[in-house]
């Protein structure tokens, strides 16, 4: 299944001016194959044995992919970052849904977050994180 995402991942990385290393391609291909956001550990488990990366290299590759806006990370109350591929350029803030039953996290792209709130003088908006919690269709 990952093979079908391998070329897409490589093209996305090259299009963003980056070195298309086996690690970056493998990570992005895994995230493109997923319908939900997954943790560092889940990415590590899905990497083929021949492509295993040490933790630091994996974190650096994930951060590079975030910087290039190829993926985004979602904070969670369990203190684990979850990562999701940006199939389209995520230039807008959007909400996420976290299932309290199975911990699945998905993007709610059709629920953009507008940052039109008046902030105190000298304050500047950077990003908003909004997580809607409830039960997914499988857990209801």
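In this note's numbering, the protein residues as written are 36 to 175. Cβ coordinates follow ideal geometry from the N, Cα and C atoms, glycine included.
Touch test, the segment 42–54 against the segment 82–98, Cβ-Cβ under 8 Å, three pairs minimum: The segment 42–54 makes no contact with the segment 82–98, as fewer than three CB pairs between them are under 8 Å.
Reference residue 162, options 172, 151, 171 and 175, closest by Cα: Minimum Cα distance to residue 162 is reached at 151.
Out of curiosity, what's the CA-to-CA distance linking residue 72 and residue 112? So the alpha carbons of these two residues sit roughly 14 Å apart.
Taking residue 110 as the reference, give the member of 52, 138 and 104 with the closest Cα. Shortest Cα-Cα distance from residue 110 to any of 52, 138 and 104 involves 138.
Beta-carbon proximity check, residue 108 vs residue 118, cutoff 7 Å: Taking 7 Å as the Cβ cut-off, residue 108 and residue 118 qualify as a contacting pair.
Quick check on residue 159: buried or exposed, where buried means 16 or more other Cβ atoms within 10 Å of its Cβ? Exposed, since its Cβ has fewer than 16 Cβ neighbours within 10 Å.
At what residue ranges does the segment 103–147 contain a whole run of the beta strand (DSSP E), taking only runs of 3 or more? Within the segment 103–147, the complete beta strand (DSSP E) segments at least 3 residues long are 106–109, 117–120, 129–134 and 140–147, listed from N- to C-terminus.
If you draw a straight line from the alpha carbon of residue 59 to that of residue 78, how long is it in whole angstroms? It is roughly 12 Å from the alpha-carbon of residue 59 to the alpha-carbon of residue 78.
Is it right to say residue 148 is buried, meaning 16 or more other beta carbons lie within 10 angstroms of its own, or is it exposed? Counting of Cβ neighbours within 10 angstroms places residue 148 among the exposed residues, the total staying below 16.
Can you say whether residue 61 is buried or exposed, counting buried as having 16 or more other CB atoms within 10 angstroms of its CB? By the neighbour-count rule (16 or more Cβ atoms within 10 Å), residue 61 is buried.
To the nearest angstrom, how far is it from the Cα of residue 140 to the Cα of residue 70? In this structure, the straight-line span from the alpha carbon of residue 140 to that of residue 70 is close to 9 Å.
How is the alpha helix (DSSP H) around residue 43 delimited, first residue to last? Element bounds for residue 43: 38–50.
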